[in-house]
Amino acid sequence: MAYSEIVNKVDDFKTDNFGLGLEYSYVIWNSLFQMKERTFLALIAPHKTSQQWTDARDPFNQSTGPNTWLKAFPHAAGKMQSPVDIKTSLVVQDPQLLQRPLSWTYIPKNCKSLLNTGEGWKVIVEGQDSCLTGGPLEHSYQLVQFHCHWGKCCSSGSEHTVDGKGYAGEVGKHNEELMKITDLLHDIANKGNECTLPRVVDPSAFIPEVHDYWTYEGSLTTPPCHESVTWIIFKKPIEVSEEQLEKCRNLFSSTIKAIVNGEPVPGKVTQNVRPTQPLNDRTIREAPY
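Next up, the structure:
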């Protein structure tokens, strides 16, 4: 599975809005790409601490995997961590979510370049004139970047699950908008590689036509795992092909795979997902459409 994250910067942000004393806050819009997948949105605050995503996110890496994060990042042991399993029988309907429908305006020409971060790919965006508002969000937001997550195969990769299922297993149709990105990944094969986008990419194309969603309060799914996130999970799937996902998995990361002739050989970003976390006493809401 795979999903994209679109990060949006708050307009006129005040440092006390989230009590973190930071200059900006962000929104991440995650659109799952795969047949029977789900889409996600998260409101987050930025962080200044860096961590190798590929190393830390590898659940099979015992020395730096998610189970070890709390040693360096105490927020990872909090009670409001993400992702979670969405148990649909426990979801609460909230009519207030209908009073302010989600609304967005993204400017395709402002998507400027494609970067290999060592943890995956990221599209860098100039955020002016873009706007995201409504739903559980109390502010308006500007788009500044979006990126993607995936698993080792089409039966894994979703961070959030629904009734215990990761919603994969079938390969969807070719995604024409995503193709404008995946066709360029060979140009940014190594960490730090960056290229311009020769074709206009429309972020709105990664949002499903049906906007039914779940929402809850959670955290970043990467270190430092700050609990300052409002997630919105769309119920409508978005499809991509297995070929497109395989191109994502062929990106090279900052993780050392082997030493050949005395030189380090980087491994590939075959997955970048965090396992689900306990919901604890949080409530997952949905609009009663």
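Sequential numbering from 3 applies to the sequence shown in my numbering.
No residue lacks a Cβ here, since even glycine has one placed at the ideal position from N, Cα and C.
Alpha-carbon spacing of residue i relative to residue j, whole angstroms
i, j, result
"GLN98", "ASN192", "46 Å"
"GLU229", "ILE286", "15 Å"
"ASN274", "ASN69", "15 Å"
"TRP216", "ASN263", "51 Å"
"ASP214", "GLN246", "26 Å"
"PRO268", "ASP96", "47 Å"
"SER296", "ALA74", "This structure leaves residue 296 out entirely; the chain is present only between 3 and 291."
"GLY159", "SER243", "14 Å"
"GLU179", "LYS238", "17 Å"
"ILE240", "ASN177", "9 Å"
"GLU140", "CYS133", "13 Å"
"VAL271", "GLU196", "16 Å"
"PRO225", "ALA78", "7 Å"
"LEU104", "TYR291", "13 Å"
Helix, strand or coil at residue i [DSSP, three-state]
i, result
"ARG276", "coil"
"PHE75", "coil"
"ASN118", "strand"
"ILE126", "strand"
"ASP87", "strand"
"GLN101", "coil"
"LYS193", "coil"
"LEU199", "coil"
"LYS81", "coil"
"THR163", "strand"
"THR70", "helix"
Endpoints, alpha helix (DSSP H) assigned at residue i
i, result
"LEU247", "244-251"
"GLU265", "Taken as a continuous stretch (DSSP letters only), GLU265 belongs to no alpha helix (DSSP H), being part of the beta strand (DSSP E) at 265-270."
"LEU180", "178-184"
Span of the beta strand (DSSP E), counted from its first residue to its last, around residue i
i, result
"ILE234", "231-236"
"THR135", "133-135"
"GLU219", "215-220"
"PHE148", "143-152"
Residue i CB to nearest heavy atom of the ligand ATP below 8 Å
i, result
"THR217", "For the structure depicted, the ligand ATP is absent and the ligand set is empty, with no information on it obtainable."
Practice item. Please confirm if the stretch 194-209 is in contact with the stretch 274-290, defined as three or more CB-CB distances below 8 Å between the two stretches. Key: Result no; under three Cβ-Cβ pairs closer than 8 Å.
**Study point:** At least three beta-carbon pairs within less than 8 Å, the stretch 215-222 to the stretch 232-248
**Key:** Cβ pair count under 8 Å is three or more, so yes.
Review point. Is there contact here, the stretch 82-89 with the stretch 102-121, by at least three beta-carbon pairs under 8 Å?
Key: Short answer: they don't touch.
Check your understanding: Between the stretch 182-190 and the stretch 238-257, are three or more C-beta pairs nearer than 8 Å?
Key -> Contact holds: three or more Cβ-Cβ distances are below 8 Å.
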